[in-house]
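In the working numbering, the protein residues as written are 1 to 224.
Backbone N, C-alpha and C fix where the C-beta goes; we use that ideal spot for every residue, glycine too.
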Amino acid sequence: MKSERVPGICVADPDADCDNCSLKDRLLCRFEKTFANKFLLGNITYRVLATAIAFVVGFHTDQWWMVPFYVGFVLLTFLIVEPRLLCSHCPYYAKEGRTLQCWGLRGMPKLWKFHPEPASTSEKRAMLIFGGIIDITPLAFSLYGFYVLVLDWLTGSVDYIILTTLGGLTLIFLLVAASFDKMLRGGTCKICTNFSCTMNKVPEDLRKEFLEKNPTMKEAWDNA
Ligand code: SF4
Ligand code: SF4
Numbered sequence: 001m002k003s004e005r006v007p008g009i010c011v012a013d014p015d016a017d018c019d020n021c022s023l024k025d026r027l028l029c030r031f032e033k034t035f036a037n038k039f040l041l042g043n044i045t046y047r048v049l050a051t052a053i054a055f056v057v058g059f060h061t062d063q064w065w066m067v068p069f070y071v072g073f074v075l076l077t078f079l080i081v082e083p084r085l086l087c088s089h090c091p092y093y094a095k096e097g098r099t100l101q102c103w104g105l106r107g108m109p110k111l112w113k114f115h116p117e118p119a120s121t122s123e124k125r126a127m128l129i130f131g132g133i134i135d136i137t138p139l140a141f142s143l144y145g146f147y148v149l150v151l152d153w154l155t156g157s158v159d160y161i162i163l164t165t166l167g168g169l170t171l172i173f174l175l176v177a178a179s180f181d182k183m184l185r186g187g188t189c190k191i192c193t194n195f196s197c198t199m200n201k202v203p204e205d206l207r208k209e210f211l212e213k214n215p216t217m218k219e220a221w222d223n224a
């Protein structure tokens, strides 16, 4: 079902007077296609590398559940769980339309209603668990793969193709994860308009200024 635009949220308002706004260029409150594409590319690269690690380790150890588990968990998180626990509290969610139009999970379906109030402690904890699983599991798969390779080496039968492939994939994965982390914690999290996210680092004065311009959210935050 197509959701209507929520009133009192400037991020969702195509007619908002952004050119004369004191927050212009100080928050990530307007959709920027170039940045959104960069984030999408980084996210896809991260998930493809993670799935490749799960495949190589699963192939070598006969643990074939790794790929369907990882892919299924990513789909569950990005399609259903994260939009509810995190995005439904974000002003971008107040936009009109069936899917998210923002720099992060652009294109994901909006199955939930908008929640202008801050996320609850249990929502934040659940989000940390889901986020932790999809972000850290690939490293656990990789470590398990190296552990099995060490056992192979001790019995004198190491598969060097698997060793090189897993080593290369893990190295590239770590580099992508580091650059993603730098992009988020080093910049984006300091200007992101979802103040409910546990990673959000927007200073208090900017938050207040933003909420003043968004009465629907301000009222919900004041009453929370
Ligand atoms: S805070 Fe609202 S009005 Fe100001 S620049 Fe951002 S989206 Fe536009
Ligand atoms: S929290 Fe991030 S991914 Fe979710 S709607 Fe807001 S900007 Fe998009």
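Classification of residue i by the beta-carbon crowding that lies within 10 angstroms, buried from 16 upward
{"i": "residue 193", "result": "buried"}
{"i": "residue 82", "result": "buried"}
{"i": "residue 103", "result": "buried"}
{"i": "residue 142", "result": "buried"}
{"i": "residue 129", "result": "exposed"}
{"i": "residue 12", "result": "buried"}
{"i": "residue 70", "result": "buried"}
{"i": "residue 203", "result": "exposed"}
{"i": "residue 170", "result": "buried"}
{"i": "residue 46", "result": "buried"}
Cβ-Cβ separation, residue j to residue i (assumed contact under 8 Å), whole Å
{"i": "residue 64", "j": "residue 72", "result": "Their Cβ separation, rounded to whole angstroms, is 13 Å, which puts residue 64 and residue 72 out of contact at 8 Å."}
{"i": "residue 145", "j": "residue 60", "result": "6 Å"}
{"i": "residue 119", "j": "residue 89", "result": "5 Å"}
{"i": "residue 116", "j": "residue 217", "result": "5 Å"}
{"i": "residue 53", "j": "residue 138", "result": "5 Å"}
{"i": "residue 23", "j": "residue 219", "result": "Not a contact, Cβ separation roughly 19 Å."}
{"i": "residue 183", "j": "residue 42", "result": "7 Å"}
{"i": "residue 173", "j": "residue 49", "result": "4 Å"}
First through last residue of the alpha helix (DSSP H) which encompasses residue i
{"i": "residue 191", "result": "No alpha helix (DSSP H) holds residue 191; DSSP gives it neither H nor E."}
{"i": "residue 26", "result": "Taken as a continuous stretch (DSSP letters only), residue 26 belongs to no alpha helix (DSSP H), as it is neither H nor E."}
{"i": "residue 142", "result": "121-154"}
{"i": "residue 67", "result": "66-76"}
{"i": "residue 157", "result": "Counting along the chain, residue 157 falls outside any alpha helix (DSSP H), and DSSP gives it neither H nor E."}
{"i": "residue 31", "result": "Counting along the chain, residue 31 falls outside any alpha helix (DSSP H), and DSSP gives it neither H nor E."}
{"i": "residue 222", "result": "215-223"}
{"i": "residue 206", "result": "204-212"}
{"i": "residue 85", "result": "82-85"}
Residues bridged to residue i [DSSP beta-bridge criterion]
{"i": "residue 3", "result": "97"}
{"i": "residue 109", "result": "99"}
- Using the beta-carbon of each residue, find all residues closer than 7 Å to any heavy atom of ligand 1 and list them in chain order. Those satisfying the condition are, in chain order, 10, 11, 16, 17, 18, 21, 23, 24, 27, 29, 30, 210 and 213.
- Query: Whose beta carbon lies closer than 6 Å to any heavy atom of ligand 2, going through the chain in order?
  - Reply: 86, 87, 90, 92, 93, 100, 102, 103, 104, 105 and 194
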